[in-house]
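Q: From first to last, the protein sequence lines are chains A and B.
Just so we're aligned, residue 25 is where the first sequence starts under this note's numbering, counting upward by one.
Just so we're aligned, residue 25 is where the second sequence starts under this note's numbering, counting upward by one.
We treat Cβ as the ideally placed atom computed from N, Cα and C, and that holds for glycine.
There are 2 protein chains.
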Amino acid sequence: MLTTLTALAEPTRLRIVELLQSGPRYVGEIERLLVLTQPQVSKHLRVLRDAGLVESTANAQRRLYELRREPFVEMGEWLEGYRRSWEGHLDALAAHLEQSGDDP
Amino acid sequence: MLTTLTALAEPTRLRIVELLQSGPRYVGEIERLLVLTQPQVSKHLRVLRDAGLVESTANAQRRLYELRREPFVEMGEWLEGYRRSWEGHLDALAAHLEQSGDDP
DNA sequence: ATCGTATATACGCACTATCGTATATTCGAT
DNA sequence: ATCGAATATACGATAGTGCGTATATACGAT
Numbered sequence: 025m026l027t028t029l030t031a032l033a034e035p036t037r038l039r040i041v042e043l044l045q046s047g048p049r050y051v052g053e054i055e056r057l058l059v060l061t062q063p064q065v066s067k068h069l070r071v072l073r074d075a076g077l078v079e080s081t082a083n084a085q086r087r088l089y090e091l092r093r094e095p096f097v098e099m100g101e102w103l104e105g106y107r108r109s110w111e112g113h114l115d116a117l118a119a120h121l122e123q124s125g126d127d128p
Numbered sequence: 025m026l027t028t029l030t031a032l033a034e035p036t037r038l039r040i041v042e043l044l045q046s047g048p049r050y051v052g053e054i055e056r057l058l059v060l061t062q063p064q065v066s067k068h069l070r071v072l073r074d075a076g077l078v079e080s081t082a083n084a085q086r087r088l089y090e091l092r093r094e095p096f097v098e099m100g101e102w103l104e105g106y107r108r109s110w111e112g113h114l115d116a117l118a119a120h121l122e123q124s125g126d127d128p
């Protein structure tokens with residue numbers, strides 16, 4: 025989870041990820057659409073790939089990058105834990121109120 | 025979203041957040057349970073609070089910190105966008121397969 | 001009023017990460 | 001075989017971030 029969060033917690037990388045949400049893109053497209061230098065794009069894509077957020081397939085000398093689903097699924101599962109914890113607190117509150125109801 | 029991600033993308037802060045998942049804690053408890061220095065805890069809590077991830081209520085000279093739901097809800101909604109995008113891709117794939125089915 | 005406890009902030013240092021520029025690599029085209 | 005396009009990497013400089021130590025602040029207890 026930390027590696028996923030670390031990879032996303034950088035403005036430029038988050039922009040790249042948000043762009044890739046609309047579909048796979050070549051490095052050059054990302055460079056042009058987000059107005060970044062080419063090494064900047066390659067470097068950030070490297071980080072995203074190492075974090076498992078993207079994968080690339082080579083077409084001739086171009087590389088098509090796309091998002092991987094897994095890390096996003098994992099984030100969803102991770103969030104579930106928090107959702108459950110609040111449900112738990114609500115259950116505890118409900119139990120408390122129920123108990124309080126016995127002695128007005 | 026960026027501020028939330030930035031706040032969470034630090035090992036110690038993530039540990040604090042994970043601890044707070046089990047319920048509200050005083051600064052001293054966090055310090056003891058996670059084996060951190062007191063200024064370290066205060067500093068990280070400050071960042072988490074500025075990011076809107078936690079809020080505190082004062083009891084005498086102690087401050088009870090707890091998670092706020094909103095940023096987690098927002099993360100869930102943000103993830104929804106990605107889930108939908110993959111559904112979209114799957115729909116496109118389904119449409120393609122459907123079309124292909126016409127001519128074997 | 002003073003003291004001790006609990007928490008927050010200030011400041012200097014070290015480390016990491018990002019950026020820009022230059023260079024390497026890969027591959028198709030000629 | 002050579003050239004150009006597309007992408008990746010190396011390297012130096014800089015800026016941001018976390019840590020430790022010391023200090024400030026707030027509040028209850030005596």
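Considering only residues of the segment 51-120 of chain B, which uninterrupted alpha helix (DSSP H) runs meet the minimum length of 4 residues and lie entirely inside it, listed in chain order?
A: Qualifying alpha helix (DSSP H) stretches, in chain order: 51-58 and 62-74.
Q: Applying a beta-carbon distance threshold of less than 9 Å, which residues of chain A neighbour S80/B?
A: Within 9 Å Cβ-Cβ: nothing; S80/B doesn't reach chain A, min ~17 Å.
Q: In angstroms with no decimal places, state the Cα-to-Cα distance between P95/A and M99/B.
A: C-alpha separation (whole angstroms): 14 Å.
Q: Counting contacts by CB-CB distance shorter than 8 Å, is R93/A in contact with chain B?
A: With 8 Å as the cut-off, R93/A counts as an interface residue toward chain B.
Q: Which residue from L77/B, S80/B, H68/B and E90/B puts its Cα closest to that of L158/B?
A: The shown model of chain B, from 25 to 128, leaves out residue 158/B, and the question about it has no answer.
Q: Can you name the start and end residues of the alpha helix (DSSP H) that A33/B belongs to?
A: Here A33/B belongs to no alpha helix (DSSP H), and DSSP marks it neither H nor E.
Q: Take T81/A as the anchor and find which of V51/A, W110/A, L57/A and I40/A has the nearest alpha-carbon.
A: Comparing Cα positions, the closest option is V51/A.
Q: Name the one or two DSSP bridge partners that R49/B has.
A: Per DSSP, Y89/B.
Q: Can you pull the chain B neighbours of L32/A, defined as C-beta to C-beta under 8 Å?
A: Simply L29 and A33.
Q: Rounded C-beta distance between T28/A and A75/A? I'm assuming under 8 Å.
A: So it is a contact: roughly 6 Å between Cβ atoms.
Q: Spell out whether any CB of chain A is found under 8 Å from the CB atom of G105/B.
A: So yes, G105/B belongs to the interface.
Q: At the 8 Å Cβ level, is E26/B part of the contact set with chain A, yes or no?
A: For clarity, residue 26/B is Leu in the given sequence; the question names Glu instead. L26/B counts as touching chain A.
Q: Whose C-alpha, out of R87/A, V97/A and L77/A, is nearest the C-alpha of E53/A?
A: The shortest Cα separation from E53/A among R87/A, V97/A and L77/A belongs to R87/A.
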